[in-house]
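*Asks:* In the working numbering, the protein residues as written are -15 to 90.
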Amino acid sequence: MSKPKIAIVVGSTRAARFADVPTQWIAKIAKAHADIDVEIVDLRDWPLPFFDEVASSAWAPSQNEVAQRWQKKVAEFDGFIFTAAEYNHAPTGVLKNAIDYAANEW
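(1) Considering Cα atoms alone, identify which of -15, 27, 39 is closest to residue 99.
(2) For residue 47 versus residue 86, is the C-beta spacing smaller than 9 Å?
(3) Please state whether the Cβ-Cβ distance between residue 35 and residue 81 is less than 9 Å.
(4) Taking the alpha-carbon of residue 79 as reference, which of 31, 23, 10 has the nearest alpha-carbon?
(5) Can you give me the Cβ contacts of residue 22 inside the same chain, cut-off strictly under 7 Å, excluding the 5 residues immediately before and after it?
(6) Measuring CA to CA, which of -15, 71, 65 is closest to residue -6?
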């Protein structure tokens, strides 16, 4: 049986973000467990535009190349841990946008 693959998604792209601190802490603890594979997925590496597709990927294929690659990346994982900043009592816009681009893959 293969090991579950877990993504730690860094949910902020700000230059002064704090998310790197808990991300590294979580990754260190998770990587100590030989029975799972862990990968950090940084939204800085995924320059998704604001969601502008004709419909959710659940209904129509995405046209944007970065969105298509993002959907393939998300589909690689069995589980997710999000390090998400809270802005005005909500997650970051960049995280919400990334979630919106991958409807079927979650």
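Built from N, CA and C at the ideal position, the CB exists for glycine as well.
*Replies:* By the coordinates alone:
(1) As displayed, the chain neither begins before -15 nor continues past 90, which places residue 99 out of reach and without an answer.
(2) Result no, Cβ atoms of residue 47 and residue 86 do not sit closer than 9 Å.
(3) A distance below 9 Å separates the beta carbons of residue 35 and residue 81.
(4) The residue from 31, 23, 10 with its alpha-carbon nearest to that of residue 79 is 31.
(5) Once the five neighbours on either side are set aside, the close Cβ partners of residue 22 are -10, -8, 11, 14, 15.
(6) Nearest option by C-alpha distance: 65.
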